[in-house]
Amino acid sequence: MFEIINKHITKNRSYKSLIPQGIVVHETDNPGGTAEAHYRYFNSADRQASAHAFIDWDVIVQTIPWNEQAWHAGAYANARFIGIELCRPSKHDDIKFGAVWEKSIWLFAHLYVNELNIKEITKDNLLSHDEIRMRFGGTTHTDPTGYFKEYGKTINDFRKDVQNKVNELLNKENDSDKISDWAKDAWYWVKEAAISDGTRPKDFVTREEIWTMLYRMGNN
Ligand SMILES: [Zn+2]
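Just add 107 to wherever you are in the sequence shown, counting from 1, and you've got this note's numbering.
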């Protein structure tokens with residue numbers, strides 16, 4: 108899980124409502140340009156373009172609310188899709204690309220699960236800007252095909268990784284009350300010995316909760 112830094116731009120805004128049916132993945136084609144730099148660029152003058160978020164190797168910056176249309180992939184797609192831009196390292200950099208990829212996979216999955224209520228990632232709800240161009244026209248851009256290719260990836264790899272992350276997020280939600288098989292003996296024992304009530308199996312513990320459990324173990 109990553110933090111989404113909200114820095115809404117005041118220029119290049121449509122203020123038109125969007126009920127997103129999917130997300131378009133882009134790349135900035137601006138080597139070395141960070142998410143913060145793109146926020147400043149789109150917030151400082153009329154650029155005739157915009158996107159909902161920018162992801163670099165350090166942070167995720169959201170510049171437009173998910174329920175407002177941005178100007179990222181032509182009239183047809185803008186009215187239907189969220190647009191997210193992946194930043195480019197200044198030169199070929201596997202580590203920085205890996206960090207951008209990981210954050211992007213998480214953000215897309217998070218949005219499908221929590222904003223769009225979509226569980227099945229398809230070619231109809233996750234498209235590259237390039238695929239928007241081929242299917243709907245209204246735009247000439249081919250990103251992020253070249254950027255992905257430089258790192259041995261395709262849009263299908265992206266869809267596959269987002270699907271896996273969606274599954275992971277959904278399982279986490281469904282399994283939050285389930286005791287893992289390997290922990291069952293310990294679960295029975297802590298309840299039997301009145302050390303813990305055995306609820307909230309996947310929650311983190313605080314130091315004072317551990318002290319209390321050790322105290323009960325030594326004194327019950
Ligand atoms: Zn694009």
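We put the CB at the ideal spot given by N, CA and C, even for glycine.
Pair within 8 angstroms by beta-carbon distance, residue i and residue j
i: G305; j: V297; result: yes
i: S211; j: G139; result: no
i: I329; j: V132; result: In this structure the chain extends from 108 to 327, so residue 329 is not present and cannot be described.
i: G245; j: A182; result: yes
i: E134; j: Y254; result: yes
i: L218; j: W173; result: yes
i: N119; j: D163; result: no
i: N263; j: G129; result: no
i: I116; j: F149; result: yes
Boundaries of the alpha helix (DSSP H) in which residue i is found, first to last residue
i: H145; result: 142-151
i: L236; result: First, the residue type needs correcting, since residue 236 is His and not Leu in the sequence shown. First-last of the alpha helix (DSSP H) with H236: 236-243.
N-terminal and C-terminal residue of the beta strand (DSSP E) that residue i is part of
i: H248; result: Careful: H248 lies outside any beta strand (DSSP E) and carries neither H nor E.
i: F109; result: Looking at the DSSP string, F109 is not in any beta strand (DSSP E), and its letter there is neither H nor E.
i: I162; result: 160-162
i: H133; result: 129-134
i: V168; result: 167-169
Open item on the list: If contact is defined by three or more beta carbon pairs under 8 angstroms, each pair taking one atom from either stretch, is the segment 236-245 in contact with the segment 283-291?
Closed with: no
Open item on the list: Beta-carbon distances below 5 angstroms to any heavy atom of ligand 1 define the shell here; list its residues in chain order, please.
Closed with: H133, H236, H248, D250
Task: Ranges of the alpha helix (DSSP H) found wholly within the segment 178-222, counting only runs of at least 4 - done: 181-185, 201-221
- [ ] Please go through the segment 248-316 and give each complete alpha helix (DSSP H) segment of 4 or more residues, from N-terminal end onward.
- [x] 252-257, 262-281, 291-299
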